[in-house]
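The sequence shown begins at 42 in the numbering used here and counts up one residue at a time. For every residue, glycine included, the Cβ atom is placed at its ideal position computed from N, Cα and C. Since the model is a prediction, treat every value here as computed from it, not as a measurement.
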Amino acid sequence: MSNDRLIISSLIKQKQADMAAEMAESKYFELFSAIEILKDHDLSYDELNSGLIGAGNDGGIDSIFIFLNSELVREDSEASLLSKKRKNSLDLHIIQSKKTAGFSEEAMNKIISSTDEIFDLSVSLDALGRSYNKELVGAIEKFRQVYEQVVATFPELSFSYYYVTLGDEVHPNIAKKADRLRQSIVRLFDNAQFKFSFIGARELLRLARKEPFTSYELEFTENPISTETGSYVCLVPLGNYYKFITDDKGGVKKHLFDANVRDYQGDVIVNEAIQGTLKKPGKEDFWFLNNGVTIVCPKASASGKKIIIEDPQIVNGLQTSYEIHAHFSRQRQEHAESRKILVRVIVEQDAAARDNIVRATNSQTSIPKTSGSSGICVVRPNILWLNAQIGDTPPDQDRGVEID
Numbered sequence: 042m043s044n045d046r047l048i049i050s051s052l053i054k055q056k057q058a059d060m061a062a063e064m065a066e067s068k069y070f071e072l073f074s075a076i077e078i079l080k081d082h083d084l085s086y087d088e089l090n091s092g093l094i095g096a097g098n099d100g101g102i103d104s105i106f107i108f109l110n111s112e113l114v115r116e117d118s119e120a121s122l123l124s125k126k127r128k129n130s131l132d133l134h135i136i137q138s139k140k141t142a143g144f145s146e147e148a149m150n151k152i153i154s155s156t157d158e159i160f161d162l163s164v165s166l167d168a169l170g171r172s173y174n175k176e177l178v179g180a181i182e183k184f185r186q187v188y189e190q191v192v193a194t195f196p197e198l199s200f201s202y203y204y205v206t207l208g209d210e211v212h213p214n215i216a217k218k219a220d221r222l223r224q225s226i227v228r229l230f231d232n233a234q235f236k237f238s239f240i241g242a243r244e245l246l247r248l249a250r251k252e253p254f255t256s257y258e259l260e261f262t263e264n265p266i267s268t269e270t271g272s273y274v275c276l277v278p279l280g281n282y283y284k285f286i287t288d289d290k291g292g293v294k295k296h297l298f299d300a301n302v303r304d305y306q307g308d309v310i311v312n313e314a315i316q317g318t319l320k321k322p323g324k325e326d327f328w329f330l331n332n333g334v335t336i337v338c339p340k341a342s343a344s345g346k347k348i349i350i351e352d353p354q355i356v357n358g359l360q361t362s363y364e365i366h367a368h369f370s371r372q373r374q375e376h377a378e379s380r381k382i383l384v385r386v387i388v389e390q391d392a393a394a395r396d397n398i399v400r401a402t403n404s405q406t407s408i409p410k411t412s413g414s415s416g417i418c419v420v421r422p423n424i425l426w427l428n429a430q431i432g433d434t435p436p437d438q439d440r441g442v443e444i445d
């Protein structure tokens, strides 16, 4: 047995003991494979589990993940993932994970055979249900629904297949099967991109060793206000902030919001108000009308017109952030945008103190309606924000409470 196989086997055993001791070894290997392959997608434990479909009649597929515009598609996914104003991207990641010492030609044949059926749109779901388990059929049904929604936008469609084992080498006859699978996908979707990866013990160990990137640059305009403890308050061009929260595939870096106590609320009134402000610039700068965002981190340093932030967590301003991302994803004109957002970068190395900051920055005191006043007022610990001349721009949670 190779050193790579011994090391990765030991690592998997330790991870399972910490994470899912009650899970069968073969099932945890499927989960572990998905965790490492999709590490850059920043999926939660529940999201990863939702993609596991391996059981009887699985067509040689142990997990399948569908991403629309870099966001995971699930049963409860919102239609807002779809953009009708720009080209959409639809990416499928299909994984076969077998805790065996090598790669099997039979396993490859099984994947090819199932691919010919499940991605043939002329084959009904009822017919698929007679051959495959309900989890796989449910995933294919979701794919068909999403594909039907985006087909008119001529989406960028990609299929990424992974065959994961604890093996060392791939026999040439088995490697040739990957080209046969590519032919199946191209026959069914002539514009699709295709990738196949054989992942053995060495490659799986390399993926496990890979650490997420934790240092980020945030470009600001004029000199920021700094404190003795290394915290900053600065104005950041909206386009620069959009880049800060956007990953290489155009999606939101969701891990930046792990510490935020609120989830994105979608097309609610407060977010529609932010959308309106972004779409129709007025004489006021964006930061006049918005409380901005708060970033907590253990370390930050300014150099030139950039702040280097280590392990940032955006603890306040999630709704604003998602609306900025949606706006620029649709418009693709961040370089022409001159408006700015207020950003507070709070440096705090103590974990308990960071938790206190999270709670404090997410607490708000509602101001009851009174007579004789008009404007927006936000009251938070140590923060009083007043903006009395806002025209007809509606308020939002991050911007405050309207006073009549």
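Taking 8 Å as the threshold, find out whether the stretch 323 to 332 comes into contact with the stretch 143 to 158 through three or more Cβ pairs. The answer is no - the stretch 143 to 158 does not touch the stretch 323 to 332, with fewer than three Cβ pairs under 8 Å.
Rounded to the nearest angstrom, what separates Gly101 and Gly291 at their Cα positions? So the two alpha carbons sit approximately 31 Å from each other.
In its own chain, which residues sit with a C-beta less than 8 Å from the C-beta of Gln234, not counting the 5 before and 5 after it? Close CB contacts of Gln234 within its chain, under the 8 Å cut and outside five residues either way in sequence, are with Glu197, Leu198, Ser199 and Phe200 (chain order).
So does the stretch 350 to 368 actually touch the stretch 330 to 342, counting three or more Cβ pairs closer than 8 Å? Verdict: yes, contact present.
Arg385 vs Val227 beta-carbon contact at 7 Å: No, these two residues do not count as a Cβ contact at 7 Å.
Going by C-alpha to C-alpha distance, which of Val192, Asn397, Ala314 and Ala242 sits closest to Thr141? Nearest C-alpha to Thr141 among Val192, Asn397, Ala314 and Ala242: Ala242.
Quick check on DSSP: helix, strand or coil for Cys418? Bear in mind that the predicted position of Cys418 carries a pLDDT of just 34, short of 50, making it unreliable; the figure below should be weighed with that in mind. Three-state DSSP puts Cys418 in a strand.
With DSSP run on the structure shown, which of helix, strand or coil describes Ala134? Checking the sequence shown, residue 134 turns out to be His, not Ala. In the three-state reduction of the DSSP assignment, His134 falls in the strand class.
Bridge partners for Gln234 per DSSP, in chain order? Partner(s): Ser199.
Just the Cα atoms here: how many angstroms apart are Gln454 and Tyr282? In the structure as shown, the chain begins at 42 and stops at 445. Residue 454 is therefore absent and cannot be evaluated.
Since Glu158 and Ser104 are thought to touch, with beta carbons under 8 Å apart, how far apart are those beta carbons, to the nearest angstrom? The C-beta distance from Glu158 to Ser104 rounds to 18 Å, too long to fall under 8 Å, and the pair is not in contact.
Figure out for me which residue from Ser256, Glu63, Ile76 and Val114 has the closest Cα to the Cα of Leu89. The alpha carbon of Leu89 has as its nearest neighbour, out of Ser256, Glu63, Ile76 and Val114, the alpha carbon of Ile76.
Going along the chain, which residues of its own chain have a beta-carbon closer than 8 Å to the beta-carbon of Lys151, five neighbours each way excluded? Only Gly100 and Gly101 meet the Cβ criterion.
Pick from Ser225, Arg223, Thr194 and Phe239: whose alpha carbon is nearest that of His212? Taking only the C-alpha atoms, the option nearest His212 is Phe239.
Exposure of Val192, with buried meaning 16 or more beta-carbon neighbours within 10 Å: By the Cβ neighbour-count rule, Val192 is exposed, with fewer than 16 other Cβ atoms within 10 Å of its own.
Run the CB neighbour count on Thr268, radius 10 Å, all protein chains shown included, and call it buried at 16 or more, exposed below. It counts as exposed.
Closest by C-alpha distance to Ser379, when choosing among Ser85, Ile350 and Val277: Taking only the C-alpha atoms, the option nearest Ser379 is Val277.
In whole angstroms, give me the CA-to-CA distance for Asp299 and Asn214. Each residue's Cα considered, the two are about 45 Å apart.
Between which two residues does the alpha helix (DSSP H) containing Glu176 stretch? Per DSSP, Glu176 belongs to the alpha helix (DSSP H) from Lys175 to Val191.
With Arg221 and Ile135 assumed to form a contact (beta carbons below 8 Å), what rounded beta-carbon distance in angstroms separates them? The beta-carbon separation of Arg221 and Ile135, rounded to 15 Å, does not stay under the 8 Å limit for a contact.
Mind reading off the beta-carbon distance from Leu52 to Leu84? Whole number of angstroms is fine, and I expect it under 8 Å. In fact, because the Cβ distance is near 20 Å, the residues do not count as touching under 8 Å.
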